[in-house]
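Residue numbers (the numbering used here), protein chains in the order written: chain A, 1 to 152; chain B, 153 to 487. Virtual Cβ for every residue (Gly too), placed ideally from N, Cα, C. For reference, the structure is listed below as structure tokens.
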């Protein structure tokens with residue numbers, strides 16, 4: 001009986017040590033994802049917090065990490081959002097914003113920029129855990145792979 | 153008694169010196185107002201063409217004008233007149249303040265002008281002055297409003313910062329009619345909303361609007377002004393203290409001289425817009441001349457896609473023109 005208790009205690013100790021020693025999962029490196037995406041993108045402007053809010057509606061306080069960038073020149077539709085949301089509610093708000101943005105971009109390009117409309121239509125809104133990506137690019141599949149590889 | 157007399161004499165002397173200093177001071181003091189020119193460089197197209205380049209606040213007769221070469225251009229009270237082909241410098245002086253600009257003349261006659269290289273004819277005719285001082289203050293609490301032309305400027309303002317990062321409410325493909333009928337609205341903080349609502353929510357105090365190019369593609373000038381008649385009261389109803397600045401519309405790029413029917417319409421619209429702005433308590437900011445070439449179309453080096461969109465250089469010229477306007481207005485406000 002005593003030996004049983006000892007074994008149980010030892011097991012509990014080992015388990016607790018294992019739990020403490022296990023490294024916490026590192027957050028995905030969204031800057032690294034964006035750097036990988038830049039290979040497929042034209043000149044982009046990364047938005048500061050004020051512009052991100054006024055233009056896209058993204059509140060910086062909803063995000064643990066955020067990179068939002070739009071094409072810096074001309075009327076190319078390329079756009080990238082890479083976000084780690086603070087929590088599920090924030091993720092829901094951000095996903096809704098991405099959906100609104102996608103509809104707006106479709107509407108803006110459909111009537112007079114047919115080549116860009118074709119690209120926008122293939123735009124993707126992806127979520128994984130608390131991570132969100134909104135990707136519009138002719139190379140959207142490559143960018144999706146970079147994002148998914150980082151957040152899996 | 154003698155001490156009293158001496159004191160009086162000294163006092164009288166001091167007073168007379170003081171009066172003398174005042175008289176001398178006013179004689180040498182710069183006349184009131186500031187000296188501004190509308191351009192840093194202008195190329196008049198043909199001999200005989202004239203242009204007023206004075207934008208100062210001092211009476212123009214108080215300014216001293218000089219052309220370095222009167223065989224190229226003469227200048228009277230700020231009005232240039234081309235007298236021969238070439239390039240020279242025109243100088244203006246008001247008290248201690250001096251300004252100068254480069255003035256050219258391309259050809260003796262219209263026929264001679266048309267025989268020049270396309271690169272010359274399609275180059276910008278006017279270059280705005282360089283921005284000065286704290287002009288970006290003028291754009292604080294401002295929104296720049298427009299269609300895709302403005303949206304592209306937004307991109308370059310973000311990178312160049314020439315206007316101090318005002319708010320942009322720009323929507324590709326929209327028009328005055330789109331804003332009036334509420335079918336192509338602006339996006340503010342991620343939500344689509346009416347222009348007047350976005351202006352109210354953002355609490356801006358000034359709006360700089362360039363709209364009309366898309367309307368004039370399918371509506372008459374009169375119909376376009378009908379839209380202004382609806383939009384302006386709506387903006388003011390929700391934002392009673394709003395200062396409204398109407399910008400003239402830039403011309404379209406066009407392949408050759410004579411193809412510019414739309415540009416003739418835009419010119420006519422701009423002329424009416426100036427009067428309309430004055431009559432409706434708005435300010436008028438004349439941007440169009442800074443994007444024009446020598447056939448009245450959008451200068452080729454400024455065209456992004458050979459339609460109605462300005463490229464980076466064109467947008468920089470536009471922003472500098474707005475900055476110059478801010479300099480002039482701020483000088484006015486100080487006086």
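With respect to chain A, the C-beta atom of residue 456 (chain B) has a partner C-beta closer than 8 Å. Rounded to whole angstroms, the separation of the alpha carbons of residue 450 (chain B) and residue 278 (chain B) is 12 Å.
A direct Cα-Cα distance of roughly 8 Å separates residue 72 (chain A) from residue 304 (chain B).
Interface annotation, residue 123 (chain A): not in contact with chain B, CB-CB separation never under 8 Å. In terms of CA proximity to residue 67 (chain A), A:133 leads the group A:144, A:125, A:149 and A:133.
Between residue 239 (chain B) and residue 219 (chain B), the gap from beta carbon to beta carbon reaches 8 Å or more. Residue pairing from DSSP places residue 436 (chain B) in a beta bridge opposite B:398. Closest in C-alpha terms to residue 483 (chain B), from the list B:286, B:343 and B:473, comes B:286.
For residue 110 (chain A), the enclosing alpha helix (DSSP H) starts and ends at 88-110. Interface annotation, residue 397 (chain B): not in contact with chain A, CB-CB separation never under 8 Å.
Taking a C-beta distance under 8 Å as the contact criterion, residue 312 (chain B) and residue 471 (chain B) qualify as a contact pair. Under the 8 Å criterion on CB atoms, residue 101 (chain A) is classed as interfacial with respect to chain B. Contact holds between the segment 358-373 of chain B and the segment 384-398 of chain B, because three or more Cβ pairs, one in each stretch, are under 8 Å apart. When the Cα atoms are used, residue 343 (chain B) and residue 100 (chain A) turn out to be separated by approximately 7 Å. The alpha carbon of residue 213 (chain B) has as its nearest neighbour, out of B:230, B:198 and B:224, the alpha carbon of B:230. Under the three-state reduction of DSSP output, residue 82 (chain A) falls in the strand class. For residue 206 (chain B), the closest Cβ of chain A is not nearer than 8 Å.
Taking 8 Å as the CB threshold, residue 300 (chain B) lines the interface with chain A.
Per DSSP, the continuous beta strand (DSSP E) segment holding residue 338 (chain B) begins and ends at 338-340. Only buried fits residue 116 (chain A), as 16 or more other CB atoms lie within 10 angstroms of its CB. Assignment of residue 195 (chain B) by DSSP, reduced to helix, strand and coil, places it in the strand class. A straight line joining the alpha-carbon of residue 393 (chain B) with that of residue 454 (chain B) spans about 35 Å. Straight across, the Cα-Cα distance linking residue 80 (chain A) with residue 296 (chain B) is about 24 Å. With at least 16 other beta carbons inside 10 angstroms of its own, residue 309 (chain B) counts as buried. Closer than 8 Å to the CB of residue 106 (chain A) there is not a single CB belonging to chain B. In this structure, the CA atom of residue 50 (chain A) is about 15 Å from the CA atom of residue 65 (chain A).
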